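Student: Dropping the structure in here first, questions after.
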Amino acid sequence: MSPVARVSLFVAAVCAASPALAQPAAEWTAAIQNEVRVTNGITYLTASNWEAKLDVYRPAAPGPHPTILHIHGGGWTGGSRKSVVLRALPYLQMGFAVVNVSYRLARVAPAPAAVEDCLCALKWIAQNAKEYGFDLSRLAVTGYSAGGHLALTTGMVPATAGLDRQCAGAPLPQVTAIVNWFGITDVNELLEGANRRTYAVEWLASLENREAVARRVSPLTYVRQDLPPVLTIHGDADPVVPYTHGTRLHAALQSAGVASELVTMEGAAHTYQDGFTASMIVWREPARPSRARTGTVRVRNPALRARCSNPRSCLSAQIASTPPGRSARKMLAMPTVL
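In our numbering, the protein residues as written are 58 to 395.
And the structure:
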C-alpha cells in the first residue's frame with residue numbers, strides 16, 4: 058500500500074480501537090476523504106538507539122498550507138501520537154497541515170531529550186516544507202500537558218540554548234503562534250515541595266544536575282520580548298499541572314510585552330475536553346489574541362464540562378456537533394495571526 062493513504066483509513070484505524078467514535082468519525086470521513094492525505098511513520102530523528110517518528114496529515118489541494126506541529130502529552134513518561142490523531146480533524150477541515158509527532162519518553166532518555174526532539178521535528182518541517190506544502194509563514198505549535206510544555210519550549214527556545222544538538226546545522230524556523238493546553242512552565246517546581254509530581258521526578262531523577270536541567274527546559278526561562286503570541290488554556294482545579302503554571306507564564310509574557318491570552322476553565326481539572334469546550338465558547342467572542350492584545354478570559358459552564366466527563370463520549374460529541382463542510386475555526390484555539 059502506498060505510504061500516502063486516504064484519511065478514511067486513518068479514521069478507520071482509530072475507530073477500530075474506539076467503537077464509541079465510529080459514527081461521528083464516519084461522518085467526518087465521508088466529508089473529507091477526498092480532501093486529505095496522510096503519510097504515516099516518517100523517521101525525523103534517530104537518537105538513543107530509538108527512531109523518532111511523525112505523521113503528516115495535509116490537504117490534498119495544492120499548498121502551501123498553514124501548518125501546526127501537534128505534540129501529545131503524558132508527563133514525558135507516557136502517551137503517544139497515535140492516541141491523539143482525532144484531534145487533528147478540525148484543523149484538517151480548516152485547511153491546515155498537521156504534523157503529529159512522537160518524541161523520546163523518560164524510559165528512552167531523560168530530559169532534555171523530549172525538548173531536543175520536538176525542536177528537531179520543527180526543523181524537519183522547515184526542511185520538508187516544499188515537498189509537503191507547509192507554509193512556514195503560518196507555523197503554529199500546540200500540545201497538551203507535557204505536550205503543552207513541549208509546544209512552549211519548541212516555540213520559545215532560542216538557537217543559542219544549544220537544545221538542537223541532535224539536529225545541529227539547520228536553522229530553527231520562526232514559530233508564529235503557540236497554543237498551550239495546561240502545560241508545565243516551571244519544571245523545577247515539580248521536583249520538590251508541595252507541588253512535587255512523580256512524572257517530573259521520573260523525567261529528571263537520573264540526572265545529577267537535575268535542577269540545572271530543569272531550569273534549562275522550563276518555558277519561563279525563555280520569556281523575552283521577541284516571542285510569538287501565546288494562548289494558554291488551563292483549569293483552575295487542575296491536580297496534575299498546577300494552575301499557577303498558566304498564570305505565572307501569562308504574567309511573565311505580559312511583562313515582557315508578548316501577546317498572551319489566558320483562558321481559565323473554572324472548576325476544571327486536567328482534561329483536554331474541558332479546554333476543547335472552552336475554546337468553542339471563547340472563540341465565539343470577538344476578543345482573540347493577536348500581536349497587539351493580551352488578556353484573560355474566565356469560562357463558567359459546568360453543564361458543558363459535565364458532558365465531557367467521559368473522554369470518548371466528549372470527543373464524539375465535539376466531532377458530531379460540527380457538521381461536515383462548516384468552518385471549524387470557532388472550535389479551535391488558534392491565534393488570528395495564522
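Using N, Cα and C, we set each Cβ at its ideal position, and we do this for glycine too.
Treat the numbers as computed from the prediction; the structure is a model and nothing was measured.
Quick check on this structure: which residue in Tyr101, Thr301 and Pro276 has the alpha carbon closest to the alpha carbon of Ser159?
Tutor: Checking every option, the nearest Cα to that of Ser159 belongs to Tyr101.
Student: Touching or not, the stretch 107-124 and the stretch 187-202, by the rule of three or more beta carbon pairs under 8 angstroms?
Tutor: With the cut-off at 8 angstroms, the stretch 107-124 and the stretch 187-202 touch.
Student: Could you please give the first and the last residue of the uninterrupted alpha helix (DSSP H) stretch that includes Thr255?
Tutor: Thr255 -> alpha helix (DSSP H) spans Thr255 to Leu261.
Student: Is Arg362 buried or exposed, if buried means 16 or more other CB atoms sit within 10 Å of its CB?
Tutor: Unreliable positioning characterises Arg362 in this predicted model, as indicated by a pLDDT of 43, which lies under 50. The coordinate reading is nonetheless provided below. Answer is buried; the Cβ neighbour count reaches 16.
Student: Return the bridge partner residues of Gly200 from the DSSP annotation.
Tutor: Answer is Ile128 and Asn237, bridged to Gly200.
Student: Do Met322 and His302 have their CB atoms nearer than 8 angstroms?
Tutor: No, the pair does not count as a contact, with Cβ atoms beyond the cut-off.
Student: Does DSSP put His327 in a helix, in a strand, or in coil?
Tutor: It is coil, neither helix nor strand.
Student: Relative to the C-alpha of Ala117, which residue among Gln223, Phe153 and His127 is closest?
Tutor: Among Gln223, Phe153 and His127, the Cα nearest to that of Ala117 belongs to Phe153.
Student: Identify whether Leu111 lies in helix, strand or coil by the three-state DSSP scheme.
Tutor: Leu111 falls in the strand class under three-state DSSP.
Student: Measure how close the beta-carbons of Ala257 and Leu264 come, nearest whole angstrom, since I'm counting them as under 8 angstroms.
Tutor: Incorrect: roughly 12 angstroms between the Cβ atoms, too far for contact.
Student: Give the DSSP-derived three-state secondary structure of Gly98 in the structure shown.
Tutor: It is a strand residue.
Student: Should Gly200 go down as buried or exposed, given a rule of 16 or more other Cβ atoms within 10 Å for buried?
Tutor: Gly200 is buried by the Cβ-count criterion.
Student: Shortest alpha-carbon distance to His396 belongs to which of Cys175, Ala325 and Leu284?
Tutor: The structure shown does not extend to residue 396, since the chain is modelled only from 58 to 395, so the question has no answer here.
Student: Does Glu309 come out as helix, strand or coil in the three-state DSSP assignment?
Tutor: The sequence shown places Ala at residue 309, not Glu. Ala309: helix per DSSP, three-state reduction.
Student: Drop a sphere of 10 angstroms on the beta-carbon of Ala316, count the other beta-carbons inside from all chains shown, and report buried for 16 or more, exposed for fewer.
Tutor: That one is buried.
Student: Does DSSP classify Pro81 as helix, strand or coil?
Tutor: Residue placement at Pro81 is poorly supported in this model, since its pLDDT is 49, which falls under 50; the coordinates still yield a value, given next. Here Pro81 sits in helix by DSSP.
Student: Can you tell me the Cα-Cα spacing of Leu288 and Ala326, whole angstroms?
Tutor: Going by the C-alpha atoms only, they are around 18 angstroms apart.
Student: Identify, in the order they occur along the chain, each residue of the same chain with its Cβ nearer than 7 angstroms to the Cβ of Arg272, setting aside the five sequence neighbours on each side.
Tutor: The residues are Asn245 and Thr278.
Student: Look at the Cβ atom of Phe239, then the Cβ atom of Asp174, and state whether they are nearer than 8 angstroms.
Tutor: It is not a contact, given that the beta carbons lie outside the stated cut-off.
Student: So is Leu261 in contact with chain C if we call contact Cβ pairs under 8 angstroms?
Tutor: You won't find chain C in this structure, because it holds only one protein chain.
Student: Mind reading off the beta-carbon distance from Ile99 to Lys110? Whole number of angstroms is fine, and I expect it under 8 angstroms.
Tutor: Contact holds; Cβ gap of about 6 angstroms.
Student: Looking at Gly204: is its Cβ nearer than 8 angstroms to the Cβ of Gly314?
Tutor: Not in contact: Gly204 and Gly314 (Cβ atoms no closer than 8 angstroms).
Student: State the Cα-Cα distance for the pair Asn97 and Glu108, rounded to the nearest angstrom.
Tutor: Each residue's alpha carbon lies about 14 angstroms from the other.
Student: Mind checking who Pro116 pairs with in its DSSP beta bridge?
Tutor: The partner list for Pro116 (beta bridge, DSSP) reads Val93.
Student: Around the Cβ of Ala360, are there at least 16 other Cβ atoms within 10 angstroms (buried) or fewer (exposed)?
Tutor: Note that Ala360 has pLDDT 39, beneath the 50 cutoff, so the model's placement of it is unreliable and the number below is only indicative. With fewer than 16 other Cβ atoms within 10 Å, it is exposed.
Student: Could you pull the start and end residues of the beta strand (DSSP E) that Val158 belongs to?
Tutor: Where Val158 is concerned, the enclosing beta strand (DSSP E) stretches over Ala154 to Val158.
Student: Just how far apart, CA to CA, sit Arg254 and Lys187?
Tutor: One C-alpha to the other measures close to 42 angstroms.
Student: According to DSSP, simplified to helix, strand and coil, what is Ser275?
Tutor: Residue state, collapsed to three classes: coil.
Student: Tell me which residues share the same chain as Val297 and place their Cβ nearer than 6 angstroms to its Cβ, disregarding the 5 neighbours each side in the sequence.
Tutor: Cβ within range, chain order: His327.
Student: In the DSSP output, which residue or residues are listed as bridge partners for Pro123?
Tutor: According to DSSP, which records beta bridges pairwise, Pro123 is partnered with Asp192.
Student: Which value, in whole angstroms, describes the spacing of the CA atoms of Val156 and Leu207?
Tutor: If you take the alpha carbons of Val156 and Leu207, they lie about 14 angstroms apart.
Student: Does the separation of the CB atoms of Val270 and Leu220 fall below 8 angstroms?
Tutor: Result no, Cβ atoms of Val270 and Leu220 do not sit closer than 8 angstroms.
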